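> Protein sequence lines correspond, in order, to chains W and A. Sequential numbering of the first sequence, starting at 274, is according to this note's numbering. Sequential numbering of the second sequence, starting at 274, is according to this note's numbering. Positions of the beta carbon are idealized from the N, C-alpha and C atoms, including for glycine. Nothing here was measured: the structure is a model prediction, and the numbers come from that model.
Protein chains: 2
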Amino acid sequence: MADTARTRPAVPDTAGSFPVTVDVVALTVREGALHALVVDRLLEPFRGQAALPGGFVLPGETLEQAAGRELEEETGLTVPTGATGAGPWHLEQLRTYGPLGRDPRGPVLSVTYLLLAPAFGLPAAGGDAAEARWVPVDGNAGGLAFDHDHILADGIERARAKIEYSPLGAAFCPPEFPVAELRGVYEAVWGTRLDARNFHRKATGTPGFLEPTGRLGGGGPGRPAELYRLAAGVDPTAAVLHPPLMRPVSSGRAAPSA
Amino acid sequence: MADTARTRPAVPDTAGSFPVTVDVVALTVREGALHALVVDRLLEPFRGQAALPGGFVLPGETLEQAAGRELEEETGLTVPTGATGAGPWHLEQLRTYGPLGRDPRGPVLSVTYLLLAPAFGLPAAGGDAAEARWVPVDGNAGGLAFDHDHILADGIERARAKIEYSPLGAAFCPPEFPVAELRGVYEAVWGTRLDARNFHRKATGTPGFLEPTGRLGGGGPGRPAELYRLAAGVDPTAAVLHPPLMRPVSSGRAAPSA
DNA sequence: CCGGTTTGTCGTCACTATGACGATATATAC
DNA sequence: GTATATATCGTCATAGTGACGACAAACCGG
Numbered sequence: 274m275a276d277t278a279r280t281r282p283a284v285p286d287t288a289g290s291f292p293v294t295v296d297v298v299a300l301t302v303r304e305g306a307l308h309a310l311v312v313d314r315l316l317e318p319f320r321g322q323a324a325l326p327g328g329f330v331l332p333g334e335t336l337e338q339a340a341g342r343e344l345e346e347e348t349g350l351t352v353p354t355g356a357t358g359a360g361p362w363h364l365e366q367l368r369t370y371g372p373l374g375r376d377p378r379g380p381v382l383s384v385t386y387l388l389l390a391p392a393f394g395l396p397a398a399g400g401d402a403a404e405a406r407w408v409p410v411d412g413n414a415g416g417l418a419f420d421h422d423h424i425l426a427d428g429i430e431r432a433r434a435k436i437e438y439s440p441l442g443a444a445f446c447p448p449e450f451p452v453a454e455l456r457g458v459y460e461a462v463w464g465t466r467l468d469a470r471n472f473h474r475k476a477t478g479t480p481g482f483l484e485p486t487g488r489l490g491g492g493g494p495g496r497p498a499e500l501y502r503l504a505a506g507v508d509p510t511a512a513v514l515h516p517p518l519m520r521p522v523s524s525g526r527a528a529p530s531a
Numbered sequence: 274m275a276d277t278a279r280t281r282p283a284v285p286d287t288a289g290s291f292p293v294t295v296d297v298v299a300l301t302v303r304e305g306a307l308h309a310l311v312v313d314r315l316l317e318p319f320r321g322q323a324a325l326p327g328g329f330v331l332p333g334e335t336l337e338q339a340a341g342r343e344l345e346e347e348t349g350l351t352v353p354t355g356a357t358g359a360g361p362w363h364l365e366q367l368r369t370y371g372p373l374g375r376d377p378r379g380p381v382l383s384v385t386y387l388l389l390a391p392a393f394g395l396p397a398a399g400g401d402a403a404e405a406r407w408v409p410v411d412g413n414a415g416g417l418a419f420d421h422d423h424i425l426a427d428g429i430e431r432a433r434a435k436i437e438y439s440p441l442g443a444a445f446c447p448p449e450f451p452v453a454e455l456r457g458v459y460e461a462v463w464g465t466r467l468d469a470r471n472f473h474r475k476a477t478g479t480p481g482f483l484e485p486t487g488r489l490g491g492g493g494p495g496r497p498a499e500l501y502r503l504a505a506g507v508d509p510t511a512a513v514l515h516p517p518l519m520r521p522v523s524s525g526r527a528a529p530s531a
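1. Taking the C-alpha atoms as reference points, what is the distance between PRO529(W) and ARG433(W)?
2. From ARG320(A) to ALA418(A), what does the alpha carbon distance come to, in whole angstroms?
3. With C-beta atoms as the reference, is LEU300(A) less than 8 Å away from ASP401(A)?
4. For the 8 Å Cβ check, are there 3 or more pairs between the segment 329-346 of chain W and the segment 426-444 of chain W?
5. With DSSP as the reference, label ALA527(W) as helix, strand or coil.
6. Counting along the chain, where does the alpha helix (DSSP H) carrying ARG342(A) start and finish?
7. Using 8 Å as the threshold, is the C-beta distance between SER495(A) and GLY305(A) below it?
8. Determine the burial state of GLU365(W): buried for a count of at least 16 other Cβ atoms within 10 Å of its Cβ, exposed for fewer.
9. Compare the Cα-Cα distances from LEU310(W) to each of LEU518(W), PRO409(W) and LEU503(W) and report the closest residue.
10. Is there a Cβ from chain A that is less than 8 Å from the Cβ of GLN366(W)?
11. For GLU346(W), would you say it is in contact with chain A, using Cβ-to-Cβ distances shorter than 8 Å as the test?
12. Give a yes or no on whether the minimum CB-CB distance between LEU455(A) and chain W is below 8 Å.
13. Mind checking GLU404(A): buried by the 16 CB within 10 Å criterion, or exposed?
14. Are the beta-carbon atoms belonging to PRO380(A) and PRO391(A) less than 8 Å from one another?
15. Chain W partners of ARG378(A), CB-CB under 9 Å?
16. On the three-pair Cβ rule with 8 Å, is the segment 497-506 of chain W touching the segment 284-301 of chain A?
17. Just the C-alpha distance for THR348(W) and ARG406(W), rounded to the nearest angstrom, thanks.
18. At 4 residues or longer, what runs of the alpha helix (DSSP H) sit wholly inside the segment 401-455 of chain A?
19. Return helix, strand or coil for GLU304(W), following the three-state DSSP convention.
20. Please work out which residues of its chain come closer than 6 Å, Cβ to Cβ, to ALA339(A), disregarding the five sequence neighbours upstream and downstream, and give them in chain order.
21. List the residues that DSSP assigns as beta-bridge partners of GLY328(W).
22. Name the DSSP bridge partner or partners of THR369(W)?
23. Could you tell me the alpha carbon to alpha carbon distance between ALA324(A) and ASP411(A), rounded to whole angstroms?
24. Please go through the same chain and pick out, in chain order, the residues whose beta-carbon is closer than 7 Å to the beta-carbon of ARG431(W), but skip the five residues on each side of it.
25. Please compile the residues from chain A whose C-beta is within a distance smaller than 7 Å of the C-beta of SER383(W).
26. Could you check whether GLU437(A) and CYS446(A) sit closer than 8 Å to each other, using their CB atoms as the reference points?
27. Classify ALA505(W) as buried or exposed, calling it buried when 16 or more other Cβ atoms lie within 10 Å of its own Cβ.
28. Does GLY478(A) come within less than 8 Å of chain W when only Cβ atoms are used?
29. Chain A beta carbons: is any one of them nearer than 8 Å to that of ALA306(W)?
30. Do ALA461(A) and PRO509(A) have their beta-carbon atoms positioned less than 8 Å apart in this structure?
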């Protein structure tokens with residue numbers, strides 16, 4: 274143990290050491306509205322209060338692994354491996370909060386992740402949480418534990434901004450979907466209405482965005498829609514929409530919060 | 274000590290505790306080229322190698338405070354307080370790396386920050402670093418310690434993307450500057466040439482971006498330019514450029530790395 | 001003093017992308 | 001069949017861009 278100090282330099286004693294949590298802003302579109310995943314806390318602090326799913330990072334874990342584990346433990350959602358790739362599901366880091374003044378237990382760092390997912394069956398509770406559920410985020414979803422209201426707002430704004438120029442809107446859709454479903458995603462995330470014809474022109478006319486499957490999706494009333502999938506081999510965060518799909522100025526174009 | 278467990282819930286024992294560093298990608302524009310601030314390490318690991326300025330977060334410190342302290346200790350640069358506001362200097366969080374496989378001393382979390390600054394006098398070395406210096410980032414600045422090459426690349430890409438739609442390009446400029454200087458920033462950051470007349474039209478014609486001071490800036494050859502400042506009261510990260518200033522497609526439109 | 005050079009600013013023009021909206025195709029509901 | 005709903009294609013005016021001409025106002029060298 275003493276010789277490791279020579280062969281392997283150590284972290285200086287003055288450096289602080291912090292517990293680290295991973296919290297996930299999981300968003301989906303259900304019934305035309307943007308929903309976030311919250312759980313009810315079973316433990317102190319904030320016992321009984323709603324919070325974002327998340328928990329402490331364990332030794333030997335990566336941050337992504339911790340995010341996936343907590344999500345699965347608390348909500349039953351299993352994030353497919355490689356969800357940072359194209360297709361449904363998208364997991365990306367949001368930002369890091371803390372360590373001061375955000376947890377009554379003391380200094381705690383929170384690395385947060387943003388998950389965009391298709392509407393998914395009701396998750397099951399477990400772990401440190403009871404009753405995981407999707408809650409609509411129309412304006413005032415407030416009342417979350419810790420600084421999770423703030424984190425949720427940041428996550429929503431990130432999602433709103435990213436679908437402007439990236440194909441990430443498709444992360445909310447199943448592997449094959451009609452253009453109208455994608456338009457519904459934009460309308461739900463932005464809280465606005467988009468012209469179906471102009472959206473169709475932009476979505477299908479942008480190289481590297483959508484790819485026709487040739488199949489038709491029937492079922493509902495009206496003419497059956499052609500099904501599309503995300504263009505293959507495209508980085509889901511690449512800026513394929515050039516110029517971007519712009520949110521109507523009439524809608525609440527809130528300034529991104531840094 | 275025993276009763277605090279009742280009145281103040283504690284972090285569970287199973288939770289890991291991690292040393293946390295703050296590393297800063299400091300960018301500036303000098304002589305028409307984008308430069309990054311690097312220091313030479315005085316201590317192991319990677320002693321003698323170039324690295325981004327940064328160091329361990331101390332107990333009781335916020336992340337921003339740690340970033341400012343390390344920057345000042347190692348490079349002599351003093352970030353003005355409130356550099357997240359408008360005007361020259363801009364400090365924002367980039368992302369968090371780790372904790373596994375990036376530091377030979379063991380699991381270490383690195384919260385990184387992006388600093389955009391006007392060209393500034395040669396920084397002075399100190400602390401754990403010798404010879405802080407600006408290095409041009411034209412393509413192959415590589416060879417930094419830890420995963421700092423990767424972090425630097427992420428920071429540059431963030432800067433390239435942000436000046437497309439935000440007024441952040443002005444963070445590289447002094448408080449008052451001619452339009453041509455701002456154009457030089459865009460050209461340096463994007464590594465491309467822009468048409469002076471079209472840039473002037475877009476920059477001066479976009480509400481919430483530039484504000485004429487009425488003063489003229491003389492000195493060099495040619496007609497003296499009108500001096501502008503950033504529009505007052507505008508969030509420096511707000512998307513004021515709608516549609517954005519788009520990088521020419523001819524230039525290397527690399528896909529953002531998530 | 002005077003023309004040449006350099007840089008900043010204003011204008012023009014073709015083209016692209018958008019926003020608004022009409023028209024047609026093809027399904028389900030009654 | 002008729003009404004209704006949805007998808008897709010087309011048209012047209014307009015805003016914004018890219019390319020580039022023209023003029024303004026400083027410096028330089030003789």
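So, to answer that:
1. Only weak support is given to the placement of PRO529(W): the predicted model assigns it a pLDDT of 41, under 50, and the question is left unresolved by the model.
2. 9 Å
3. no
4. no
5. At ALA527(W) the pLDDT is 41, less than 50, meaning the model places this residue with poor confidence and gives no usable figure here.
6. 336-348
7. Looking at the sequence provided, one finds Gly at residue 495(A) rather than Ser. Cβ distance not < 8 Å, so GLY495(A) and GLY305(A) don't count as in contact.
8. buried
9. PRO409(W)
10. yes
11. no
12. no
13. exposed
14. no
15. ARG281, PRO282, ALA283 and VAL284
16. no
17. 8 Å
18. 421-438
19. coil
20. VAL295 and VAL330
21. VAL295(W)
22. VAL384(W)
23. 17 Å
24. LEU367 and LEU387
25. Near SER383(W) there are no residues of chain A at all, since even the closest Cβ is about 10 Å away, more than 7 Å.
26. no
27. exposed
28. no
29. no
30. no
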